[in-house]
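S.K.: The opening residue of the sequence shown carries number 1282 in my numbering; numbering runs sequentially from there. Think of the CB as a built atom: it goes at the ideal place given N, C-alpha and C, for glycine as much as any other residue. Values in this document were obtained by computation on a predicted structure and should not be read as measured data.
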Amino acid sequence: MPVRTSAFHIIGGELNYTCLGTYNYEITLKVYRDCSNSNAAGFDDPALIAVYDANAFLVTQLELSLPGYSNVEPDNTNPCLQIPPGICVEYAIYKTTVFLPPKAGGYDLAYQRCCRNSSIVNIIDPDHEGATYYAHIPDNSIAVCNSNPAFKNYPPIVICVDQPLIIDQSATDADGDSLVYSLCSPFQGASYLMPIPNPAPPPPYDTVVWVPPFNASNPVGGNPGMQIDKVTGLLTAHPEAIGQYVVGVCVSEYRNGVLLGTHVRDFQFNITSCDPLVLANFKADEEQTEKADTLLVCTVGTVVFQNFSYGSNDFFWDFGIEGVSGDTSHETNPSYTFPDTGLYKVTLIASPGIPCGDTTYRYIEIRRGVSADFTFKSFCAYTPVPFNDLSSSQDGYLTQWNWNFGDGQSSSGQNPEHIFQTPGFFPVTLTVNDNHGCSADIMKQVSVDPTPNVNAHPDTFVCNIDTVMLHASGGTVYSWSPFQNINDTTFANPLVNPQTTTTYFVTVINSEGCISRDSVMVRVTDTVIAATSPDTIICQGQSIQLSANNAVYYRWSPPDGLSSTIISNPASTPDATTTYFVKSYIGSCVDEDTIVISVLPVPLPEAGPDVTINQGDTTQLHGSGGALYQWDPPTALSSSATAEPQANPLASTQYSLLVTGENGCSSKDEVTVDVTHNHLIFVPNAFTPNGDGINDLFQFYSKGIAQILQVQVFNRWGELVFSSHGETPFWDGTYKGQPCNLDTYIYQITGESYDGNVIAEKGAVTLIR
1282 MPVRTSAFHI
1292 IGGELNYTCL
1302 GTYNYEITLK
1312 VYRDCSNSNA
1322 AGFDDPALIA
1332 VYDANAFLVT
1342 QLELSLPGYS
1352 NVEPDNTNPC
1362 LQIPPGICVE
1372 YAIYKTTVFL
1382 PPKAGGYDLA
1392 YQRCCRNSSI
1402 VNIIDPDHEG
1412 ATYYAHIPDN
1422 SIAVCNSNPA
1432 FKNYPPIVIC
1442 VDQPLIIDQS
1452 ATDADGDSLV
1462 YSLCSPFQGA
1472 SYLMPIPNPA
1482 PPPPYDTVVW
1492 VPPFNASNPV
1502 GGNPGMQIDK
1512 VTGLLTAHPE
1522 AIGQYVVGVC
1532 VSEYRNGVLL
1542 GTHVRDFQFN
1552 ITSCDPLVLA
1562 NFKADEEQTE
1572 KADTLLVCTV
1582 GTVVFQNFSY
1592 GSNDFFWDFG
1602 IEGVSGDTSH
1612 ETNPSYTFPD
1622 TGLYKVTLIA
1632 SPGIPCGDTT
1642 YRYIEIRRGV
1652 SADFTFKSFC
1662 AYTPVPFNDL
1672 SSSQDGYLTQ
1682 WNWNFGDGQS
1692 SSGQNPEHIF
1702 QTPGFFPVTL
1712 TVNDNHGCSA
1722 DIMKQVSVDP
1732 TPNVNAHPDT
1742 FVCNIDTVML
1752 HASGGTVYSW
1762 SPFQNINDTT
1772 FANPLVNPQT
1782 TTTYFVTVIN
1792 SEGCISRDSV
1802 MVRVTDTVIA
1812 ATSPDTIICQ
1822 GQSIQLSANN
1832 AVYYRWSPPD
1842 GLSSTIISNP
1852 ASTPDATTTY
1862 FVKSYIGSCV
1872 DEDTIVISVL
1882 PVPLPEAGPD
1892 VTINQGDTTQ
1902 LHGSGGALYQ
1912 WDPPTALSSS
1922 ATAEPQANPL
1932 ASTQYSLLVT
1942 GENGCSSKDE
1952 VTVDVTHNHL
1962 IFVPNAFTPN
1972 GDGINDLFQF
1982 YSKGIAQILQ
1992 VQVFNRWGEL
2002 VFSSHGETPF
2012 WDGTYKGQPC
2022 NLDTYIYQIT
2032 GESYDGNVIA
2042 EKGAVTLIR
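1. Pull up the distance between the alpha-carbon of SER1400 and that of ASP1688, whole angstroms please.
2. DSSP three-state call for PRO1708: helix, strand or coil?
3. What would DSSP say about ASP1856, mapped onto helix, strand or coil?
4. Tell me which same chain residues have a C-beta within less than 7 angstroms of the C-beta of SER1287, skipping the five on either side of it?
5. When the Cα of ILE1635 is compared with those of LEU1558, PRO1890, SER1659, which residue comes out closest?
6. Which ranges would you report for the beta strand (DSSP E) in the segment 1667-1730 if only whole runs of at least 3 residues count?
7. Where DSSP assigns a beta bridge to ASN1830, which residues make up the other side?
8. Given that a residue counts as buried once 16 or more other Cβ atoms are within 10 Å of its Cβ, and exposed if not, what is VAL1284?
9. Using CA coordinates, which residue listed in GLY1942, GLY1985, THR1703, PHE1655 is at the minimum distance from ALA1725?
10. Can you tell me where the beta strand (DSSP E) holding VAL1492 begins and where it ends?
11. Which of the three DSSP states, helix, strand or coil, is assigned to ASP1547?
12. Measuring CA to CA, which of LYS1949, VAL1892, PRO1884, VAL1883 is closest to GLN1911?
13. For SER1533, which option in LEU1961, PRO1485, THR1771, LEU1464 has the closest C-alpha, if you only look at C-alpha atoms?
14. For the segment 1550-1626, which segments carrying the beta strand (DSSP E) assignment without a break, of at least 3 residues, lie completely within its bounds, in sequence order?
15. Could you compute how far the alpha carbon of MET1282 sits from the alpha carbon of TYR1415?
16. Could you tell me which residues DSSP puts in a beta bridge with GLY1293?
17. In its own chain, which residues sit with a C-beta less than 6 angstroms from the C-beta of THR1957, not counting the 5 before and 5 after it?
18. Around the Cβ of GLY1601, are there at least 16 other Cβ atoms within 10 angstroms (buried) or fewer (exposed)?
19. Could you name the residues of the same chain whose beta carbon sits closer than 6 angstroms to that of THR1783, not counting the 5 residues immediately before and after it, in chain order?
20. Return the chain-ordered list of same chain residues with a C-beta closer than 8 angstroms to the C-beta of ASN1336, the five sequence neighbours on each side being excluded.
21. How is HIS1960 classed by DSSP in three states: helix, strand or coil?
22. Pick helix, strand or coil for PRO1382, following the three-state DSSP scheme.
23. Could you check which residue in GLY1889, ASN1976, GLY1945 has the C-alpha nearest to that of GLN1935?
24. Just to confirm the assignment: which complete alpha helix (DSSP H) runs, minimum length 4, are found wholly within the segment 1434-1465?
25. Distance check for THR1543 and ALA1455, CA to CA, integer angstroms please.
26. Flag this pair as yes or no: are the beta carbons of PRO1779 and LEU1751 separated by less than 8 angstroms?
27. For my contact list, SER1590 and ALA1565 are in at a C-beta cut-off of 8 angstroms; report their separation, rounded to the angstrom.
28. Does the Cβ-Cβ distance between PHE1668 and ASN1714 come in under 8 angstroms?
29. Kindly indicate which three-state DSSP category HIS1519 falls into: helix, strand or coil?
30. Helix, strand or coil for HIS1738 per DSSP?
31. Among the candidates THR1757, TYR1759, ASN1766, whose CA atom is the shortest distance from the CA of ASN1745?
32. Just how far apart, CA to CA, sit GLU1410 and GLY1293?
33. Grab the span of the beta strand (DSSP E) containing GLN1980 for me, first residue to last.
34. In whole angstroms, give me the CA-to-CA distance for TYR1298 and ARG1546.
35. Using the three-state DSSP reduction, which class does PRO1407 fall into: helix, strand or coil?
36. What's the C-alpha gap between PRO1708 and SER1853?
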């Protein structure tokens, strides 16, 4: 039986039969597989061919031994193209003979195998679908001892993309029957889960499902699409896309106008990119731009050509000068001086005179070109600066101007203005194009001078009887306005004594001639009205922001508790009630005001001494010193708002006590409750269950235990006489309702601590009566 392997990668095949006479037939199965994948399975050995009658009854199953296999060499239909390496196809031809006596309806033969290459692009789910190779032997009443057609040539396994394909797909017929050729859909067969059906099922068979826009008549696309001459079997195509494609070719066999059967050839085309053995290609050193097949050279004179051909060392150049015979060259990289502007057809032949030589041509457009230039003047930042274009076209007119100002900005105007926002050096580039497509560019370094940093100081106040100094900087020439009440309008720092509020403007020119302007407002007053924040009450230790305004300068006193005595809004932290005086000045104009800061005493809180308790115990905290109390955190407290709450924390905790006095002032103190983790179970060594009310129970005590999990008591023979699971942990000295004898008993007590640990105590207790 054959080995059942799905990863076969079948790429084509067909099934033929030849009548040998006396109802004996030679059966020939041709199978082609992809061998470029080392993980692909081998050929079937044996190959199984099912034989059915017209009623779909399995007559027999043929087992064809593998006779060996061979490689298919790529058949290059164009000797001037080089097929890429790495393509591997193998084929096997199985043969056997079978006796098939006449039978109504004839016989159907089928071989099925999965799977195809997953990379096939024109059918759906190729790596889960296989193929069926089928042949029909007609009834003797239709044709006696018939042989089906046999194709002469297997299609080439590699086809070059963008190249015409012309191949012979004709067949021969041993009986001389008429043959008609067509493109058709190959059969599906087998599956990924059942790659080698045993036996193959009877007909009819489904055909492959095409991926749109592909179909049986258009299996590979292209323009023109694939066609086959129905009479000659000549197959033509012009594929335009690389890939692997399934193709079906059918040959129908007619005798005296009666269809005997249709033979289907199922095969895969590998359409790939093929390199020409010789390729002619060139450019020009002076080439400025490329327009389709035209190289634009924007200079009149000698043009040097660069030869990018390969596969040849023999070249012929024709530079396209009409009426001139000496405009040719055999150099690899020639140069040629064209007589004038114009359009010239330059032809390059690589390997002239041999079948695989290649010819290319391009038009050379010679123009006189473009010169780029512009002018500008040194200028200052923030100032519009004009750029003047001086560019020209030698035999046309300019159509485009592209300015790059070197600061991230650009313009397409001929004579633009530009404002540089910062001083420095900027590479300004102008690129111009003319109506022929010629271009030129020029770069000039542009220096941008800084403008003066005037810094006329903030607006200010002045008393009407005073003089104030204005300030400007950053230049060599100053000009102030207005001219009234100013000692000199050309000083950097003039004195002014305006009688009304006045805005002064200053123009400053630096050594580079750059100009800046600024202004300052001088507000004039004849009085100062000191305005301060209201009187305030604070608690001792608190700070408050004082505030005064309506002036230029301030003086606070006394300095006690102030962060500053000369600013308008100092911070104040007095120890006692204090009256602060503030004088507010605008030059000689002055006013005074006061602020009273009343300081209230804070309470003296007492949270009590630190205390140590065992986990699970409770202690009382002792707070004092105020009217209101607030403990924090409130965790494990009976109340967080009383002076003396109960505390039973399970872990050491520091409590903060906020004490508020009758005046609303507060202060804090802390106390720490340190929690120890002593887990103890105290058990007496004897008890007397005699009913006198004294020591009648086996009773124990615990410390640091959250709960008793289990109590067990055993007699001297190991018998359990008492057990409790936390409900009633104490033993009354009885067992099964009867008093136990005086004796020593073993106990085991298990408890759980507050932090989840299991505590066990084991020992002996004496029962006395």
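M.R.: A quick look at the data gives this:
1. Start at 1 with the first residue of the sequence shown, and residue 1400 comes out as number 119. Start at 1 with the first residue of the sequence shown, and residue 1688 comes out as number 407. The alpha-carbon atoms of SER1400 and ASP1688 are separated by roughly 53 angstroms.
2. Position 427 of the sequence shown, counting from 1, holds the residue named residue 1708. The answer is strand: DSSP assigns PRO1708 an E or B state.
3. Here the question's residue 1856 lines up with position 575 in the sequence shown. When DSSP states are grouped into helix, strand and coil, ASP1856 belongs to the coil group.
4. Residue 1287 sits at position 6 when you count from the first residue of the sequence shown. Because SER1287 sits at a pLDDT of 42, beneath the cut-off of 50, its placement in the model cannot be relied upon, and the following sentence gives the value as read from the coordinates. Cβ neighbours of SER1287 beyond the five flanking positions: CYS1395, CYS1396, TYR1473, PRO1476.
5. By one-based count along the sequence shown, residue 1635 stands at place 354. Considering only alpha carbons, the answer is LEU1558.
6. Within the segment 1667-1730, the runs of beta strand (DSSP E) that reach at least 3 residues and sit entirely inside it are, in chain order, 1679-1685, 1705-1715, 1720-1730.
7. As a first step, residue 1830 is located in the sequence shown; it is residue number 549 there, counting from the start. Looking at the DSSP assignment, ASN1830 forms a beta bridge with ALA1812.
8. Mapped onto the sequence shown, residue 1284 falls at position 3. Bear in mind that a pLDDT of 37 at VAL1284, under 50, signals an unreliable position, so the model cannot answer this.
9. Position 444 of the sequence shown, counting from 1, holds the residue named residue 1725. Looking at the sequence itself, residue 1725 is Lys, so the reference to Ala does not match. Distance check between LYS1725 and each of GLY1942, GLY1985, THR1703, PHE1655 places PHE1655 closest, using alpha-carbon atoms only.
10. The sequence position of residue 1492 within the sequence shown is 211, counting from 1. Neither: VAL1492 is in no beta strand (DSSP E) and is coded neither H nor E.
11. Walking along the sequence shown from the start, residue 1547 turns up at place 266. Here ASP1547 sits in strand by DSSP.
12. Here residue 1911 is taken as the residue at index 630 of the sequence shown, counted from 1. Nearest in C-alpha terms to GLN1911, of all of LYS1949, VAL1892, PRO1884, VAL1883, is LYS1949.
13. In the sequence shown, the residue the question calls residue 1533 occupies position 252. Comparing Cα positions, the closest option is LEU1464.
14. Taking only runs of at least 3 residues, the beta strand (DSSP E) segments lying wholly in the segment 1550-1626 are 1563-1565, 1568-1572, 1575-1578, 1583-1588, 1596-1599, 1616-1618.
15. For this step, residue 1282 is matched to residue 1 along the sequence shown. For this step, residue 1415 is matched to residue 134 along the sequence shown. Confidence at MET1282 is low in this model, with a pLDDT of 36, below 50, so its placement is unreliable and no value can be given for it.
16. Mapped onto the sequence shown, residue 1293 falls at position 12. Paired residue(s): TYR1313, PHE1548.
17. Here residue 1957 refers to the residue found at position 676 of the sequence shown. Excluding residues within five positions, the ones whose Cβ falls inside 6 angstroms are ASN1895.
18. If you number the sequence shown from 1, residue 1601 lands on position 320. With 16 or more other Cβ atoms within 10 Å, it is buried.
19. Here residue 1783 refers to the residue found at position 502 of the sequence shown. Once the five neighbours on either side are set aside, the close Cβ partners of THR1783 are VAL1803.
20. In the sequence shown, counting from the first residue as 1, residue 1336 sits at position 55. Short of 8 angstroms from the beta carbon of ASN1336, and not among the five residues preceding or following it, lie these beta carbons of its own chain, in chain order: GLY1386.
21. Residue 1960 sits at position 679 when you count from the first residue of the sequence shown. Assignment of HIS1960 by DSSP, reduced to helix, strand and coil, places it in the coil class.
22. Counting from one through the sequence shown, the residue named residue 1382 turns up at place 101. Looking at PRO1382 - three-state DSSP - the assignment turns out to be coil, as it is neither helix nor strand.
23. Locating residue 1935 in the sequence shown gives position 654, counting from the first residue. Selection GLY1889, ASN1976, GLY1945 evaluated against GLN1935 yields GLY1889 as nearest (Cα-Cα).
24. As far as the segment 1434-1465 is concerned, it has no whole alpha helix (DSSP H) run of at least 4 residues.
25. Walking along the sequence shown from the start, residue 1455 turns up at place 174. Walking along the sequence shown from the start, residue 1543 turns up at place 262. Near 15 angstroms, if we compare the C-alpha coordinates of THR1543 and ALA1455.
26. On the sequence shown, residue 1779 is found 498 positions in, with the first residue counted as 1. On the sequence shown, residue 1751 is found 470 positions in, with the first residue counted as 1. Not closer than 8 angstroms, so no.
27. Taking the first residue of the sequence shown as position 1, residue 1590 is located at position 309. Taking the first residue of the sequence shown as position 1, residue 1565 is located at position 284. Between SER1590 and ALA1565 a beta carbon distance of about 14 angstroms is seen, past the 8 angstroms cut, so the two are scored as non-contacting.
28. Along the sequence shown, one-based indexing puts residue 1668 at 387. Along the sequence shown, one-based indexing puts residue 1714 at 433. Contact flag unset, no.
29. Numbered from its first residue, the sequence shown carries residue 1519 at position 238. Three-state DSSP puts HIS1519 in coil, outside helix and strand.
30. Here residue 1738 refers to the residue found at position 457 of the sequence shown. In this structure, HIS1738 counts as coil in the three-state DSSP scheme.
31. In the sequence shown, counting from the first residue as 1, residue 1745 sits at position 464. If we check each option's Cα against that of ASN1745, ASN1766 comes out closest.
32. Counted from its first residue, the sequence shown places residue 1410 at position 129. Counted from its first residue, the sequence shown places residue 1293 at position 12. The alpha-carbon atoms of GLU1410 and GLY1293 are separated by roughly 13 angstroms.
33. To locate residue 1980, count along the sequence shown from 1; it is residue 699. Unbroken run through GLN1980: none, as it is neither H nor E.
34. What you label residue 1298 is simply residue 17 of the sequence shown in a count that begins at 1. What you label residue 1546 is simply residue 265 of the sequence shown in a count that begins at 1. Rounded to the nearest angstrom, the two C-alpha atoms are 14 angstroms apart.
35. Numbered from its first residue, the sequence shown carries residue 1407 at position 126. Of the three classes helix, strand and coil, the one that applies to PRO1407 here is helix, per DSSP.
36. Within the sequence shown, numbered from 1, the residue matching residue 1708 stands at position 427. Within the sequence shown, numbered from 1, the residue matching residue 1853 stands at position 572. Taking the straight line from one Cα to the other gives about 59 angstroms.
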